[in-house]
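Take a look at the structure below.
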Amino acid sequence: MKTNTLFKTSAFYLLIVLSLNFSSCDSNDDPNVTPPKTEYPDYLVGTAVDGEGYFLTTDNILTGSLTIVGNGYEGWSNISATVDGYLYVINNTEGLTEKFQLTENGPIKVDAISNAVLTPGGFFRYIQATDNGDLFLSSNPNSDGYTPYAIIDLDNFAATNSGFISFPLVDDKTNLWSNALVENGKIYFGSTYGNSDWTGIADALITVVYDYPSLTNPVVLSSDASAGMTAGYRTNGTFATETGDIYQYNMTSSLWFGHDELANKPSVFVKIANGDYDANYVLDLSSHFNEPVAIWNAWYAADGIAYANVVRVADVPAWGDLSQNTGTLVEVDLINKTVTELNLPNASFVNIFTLDCVEEGKFYIPVSVTGGDAHIYEISIGGGANGFAQGAALDGSNVYVNSLLKN
């Protein structure tokens, strides 16, 4: 990975400014005066441009245009999280977990940890900043059925725990894919259980819960509301609301499983409460459409509203069709159990890896139209089919925005 000259220069001058600031501290400063808030750019935008990754910082995603190439850090930020002005990136190209300071002049790399040191042979697909003051890294189970993980303390950017998780068997089936949510002292692994060759997928939704951060005392939760993967695809299949309620969606697409065992299973949102699936809550998203559909990514916004990328099965006979303009963004009211199609352009939302951009009643999402332009859209949370506005444009039809974060 490399930076352009602009960022190398800005890093040099930033160090000078910081040293001057520290040397000018007055020991007689009034302790009753609240120091000013540390300033850093509002947003992080990550993109793929003709097979290369770039990411940049900006304070404006609503107007004008964002020029990525030549202005952004050259590298991938699609698997990332931001905390207090720092960006944490899984760099699988170089086998690193990297830490960047976010500045007005762009991201500046300040530290890195070797993933091989964290977990020998480990390869990480997912990263999240937890409510426990740390980062949790994980991947899907390997061919031996073990899932690599690492826990990194944010204060000193050092691993406090790492290794492999061995999930319990369920009816002699193994966990084939997993992704986790940390919430209130527990970690919830949305999962796919089946035979090792991906046949015989469990006829249920399954989540495995451990104590966190000890990763002990596994408990298997099961729901007959549908079947399929509850891990999510690029993004997490499990999320928590402001009230601590936990919701989850499932993946049923034959493109993912390689067969149509789940073709007749509905795409649903379910709820986990009081340590188990809530048998009284099922939002059947499939029932709102007159043809088979699958959920390829969903994101929680606020106030019980989520947004989902719904793909009609007939539109994607082959894997490559997912990268065409086959995704429809829908508003999902988890409380009132309603589903509303937004009148946004159809696009490929499937390769948005990281989307965490909610601010003052607005949800922001990139809409990258294949063969057309990419824009950031501002959506009024709960605003219905037309409750959105087109924001900043990205430079060129070859730009795909794969990460967008509010810093």
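Letter by letter, the sequence shown follows residues -29 to -1, 1 to 378 in mature numbering (1 follows the signal peptide of the UniProt record, and there is no 0).
Cβ coordinates follow ideal geometry from the N, Cα and C atoms, glycine included.
Model, not experiment: these values are computed from the prediction.
- Annotation for L176: the continuous beta strand (DSSP E) segment containing it runs 176 to 182.
- Beta-bridge partners of I243 (DSSP): I217, Y248.
- Shown here, G291 sits in a helix according to DSSP, grouped into three states.
- DSSP places W227 within a helical segment (H, G or I) once states are collapsed to three.
- Rounded to whole angstroms, the Cβ separation of W270 and L192 is 22 Å, and the two are not in contact under 8 Å.
- A straight line joining the alpha-carbon of D344 with that of D168 spans about 40 Å.
- Short of 7 Å from the beta carbon of T38, and not among the five residues preceding or following it, lie these beta carbons of its own chain, in chain order: D366.
- Put simply, the backbone Cα of A151 is about 33 Å away from that of A364.
- The continuous stretches of beta strand (DSSP E) do not include N86, which lies in the alpha helix (DSSP H) extending over residues 86 to 89.
- In this structure, the beta-carbon distance from F94 to P112 does not fall below 8 Å.
- Rounded to the nearest whole angstrom, the C-alpha separation of L186 and A130 is 15 Å.
- Within the model, the alpha-carbon separation for K236 versus A198 is close to 6 Å.
- When DSSP states are grouped into helix, strand and coil, D286 belongs to the helix group.
- Taking 8 Å as the cut-off, the beta carbon of T209 is found no closer than this to the beta carbon of A265.
- By the neighbour-count criterion, in which a residue is buried when 16 or more other Cβ atoms sit within 10 angstroms of its Cβ, G156 is exposed.
- Contact between T201 and G161 holds: their C-beta atoms lie close to 4 Å from each other, under 8 Å.
- From the listed residues Y220, G165, E154, the smallest Cα separation to D142 is found for G165.
- Per DSSP, the continuous beta strand (DSSP E) segment holding P337 begins and ends at 333 to 339.
- When rounded, the separation of the alpha-carbon atoms in S110 and D255 is 28 Å.
- Three or more beta-carbon pairs separated by less than 8 Å link the region 326 to 337 to the region 268 to 283, which places the two stretches in contact.
- Annotation: E232 is outside any beta strand (DSSP E) and is labelled neither H nor E by DSSP.
- Here the C-alpha atom of F135 lies approximately 31 Å from the C-alpha atom of P78.
- For D124, the enclosing beta strand (DSSP E) stretches over residues 117 to 124.
- Residue state for L140 is assigned as coil, using DSSP reduced to three classes.
- Contact between N103 and Y159 is ruled out by a C-beta separation of about 14 Å, above the 8 Å threshold.
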